[in-house]
Structures are given as structure tokens and as C-alpha cells.
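Visitor: Below you will find the structure I want to go over with you.
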Amino acid sequence: MARFFCRGSGKTFSLLPIQLIPYFQYTLRAVIGVLLLALKSWESGQRGFHSAAVRVDPDSRVTPWLVSYWVTVILSGFRQAHATLMRWYDLSGIRSLGNIVEMEEVAGYVACLGWRAEMIPWALTPATRYSGQTKRFLFGTPSQRRSRAGSLNC
């Protein structure tokens with residue numbers, strides 16, 4: 008990944024393509040694919056993320072803990088972007104109450120966005136639209152947004 012140096016602030020930054028999640032080893036498409044596997048397992052009554060992790064390529068390093076972390080990151084991105092995503096998608100079916108299981112909320116977003124396992128390439132559409140509108144990533148935080156001050160000086 009190309010990194011750049013800002014002479015004004017002395018910070019480094021990178022320009023990431025939209026199909027990546029900042030600080031993730033896997034692409035957005037791979038993470039969404041595993042999320043859909045986890046959701047399918049959850050809907051069939053399984054708890055935990057072991058079955059989703061073992062259904063991924065055996066040479067990958069996807070673990071149940073990693074799948075759980077991805078669910079948290081994806082859900083956090085959806086929650087932060089909810090108002091923006093409502094411009095393009097009917098998110099009225101989303102229930103985000105404290106007593107709702109995270110996977111139930113994820114299932115709501117997946118249903119509202121029309122995501123299905125056989126349509127993973129379409130999963131990039133909300134991320135592309137959101138980034139185009141806000142100039143931010145839907146999921147994850149790039150290094151230049153992680154500074155103590157929280158601002159980008161370049």
C-alpha cells in the first residue's frame with residue numbers, strides 16, 4: 008500500500024481503495040462474505056461463529072474471534088452511517104435497541120440492503136455510495152483519522 012508524507016503536519020497517510028477496510032488484512036468483499044456465512048449459521052439456530060470460520064478457505068486465518076470482531080466492526084459502521092444510508096435504502100426494518108441481539112440487527116441491515124450470498128459484489132454498492140457522499144469509509148477508520156486531535160491537516 009502506498010503511503011505518503013505530509014510535510015505540513017509531519018504525518019504519513021495512505022490513499023486506500025474503497026474495496027478495503029482500513030487496518031484489515033481481508034477485503035470488504037471477503038468480510039461481507041464471511042458475515043453472510045455467519046448470519047446463515049445464526050439463522051439456522053447455531054450460536055457462535057465457529058461454523059462460519061470453518062466454511063472459509065482452510066488456508067485463511069479466519070477464526071471465530073475474528074468473525075465476531077468483523078460483526079462488531081460492520082455493525083458499528085452501519086450504526087454510524089444509518090442516517091446517510093437512509094437516503095438510498097429503506098432501513099425502517101432495523102431494530103437497534105439495547106436488548107436486541109447484534110446478529111438480529113445485522114440481519115436487519117442485510118435484509119434492507121438486499122444482500123445475499125450469491126450477490127456479494129453488490130455488497131460494495133452501499134460502501135461506494137457512502138464513501139462518495141461523505142468521503143469516509145463505511146467500515147473501519149484510516150490512519151489519518153486516528154490522530155489524537157481527530158483532524159486531518161493535509
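Quick note: to get the numbering used here, add 7 to the position in the sequence shown (first position is 1).
Built from N, CA and C at the ideal position, the CB exists for glycine as well.
Taking DSSP as the reference, what is the three-state secondary structure of F12?
Guide: Working through the sequence shown from its first residue, we reach residue 12 at position 5. Strand, per DSSP.
Visitor: At what residues does the alpha helix (DSSP H) containing S138 begin and finish?
Guide: Here the question's residue 138 lines up with position 131 in the sequence shown. That run of the alpha helix (DSSP H) goes 131-141.
Visitor: Out of F11, R36, R14, which one is the CA nearest neighbour of R123?
Guide: Reading the sequence shown from its first residue, position 116 is the one you call residue 123. Among F11, R36, R14, the Cα nearest to that of R123 is on R36.
Visitor: Return helix, strand or coil for C161, following the three-state DSSP convention.
Guide: The count along the sequence shown starts at 1 and reaches residue 161 at position 154. Any reading at C161 is ruled out, since the residue's pLDDT is 49, under 50, leaving its predicted position unreliable.
Visitor: Whose C-beta lies closer than 7 Å to the C-beta of L92 among residues of the same chain, with five residues either side of it excluded?
Guide: Within the sequence shown, residue 92 is the residue found at index 85, counting from 1. Cβ neighbours of L92 beyond the five flanking positions: L98, P133, Y137.
Visitor: For S158 and L73, I'd like the C-alpha separation in whole angstroms.
Guide: Looking up residue 158 in the sequence shown gives position 151. Looking up residue 73 in the sequence shown gives position 66. Residue placement at S158 cannot be trusted, given a pLDDT of 46 that sits under 50; the coordinates are not used to answer.
Visitor: Work out the CA separation of G55 and V117 for me, nearest whole Å.
Guide: As a first step, residue 117 is located in the sequence shown; it is residue number 110 there, counting from the start. As a first step, residue 55 is located in the sequence shown; it is residue number 48 there, counting from the start. When rounded, the distance between both Cα atoms is 18 Å.
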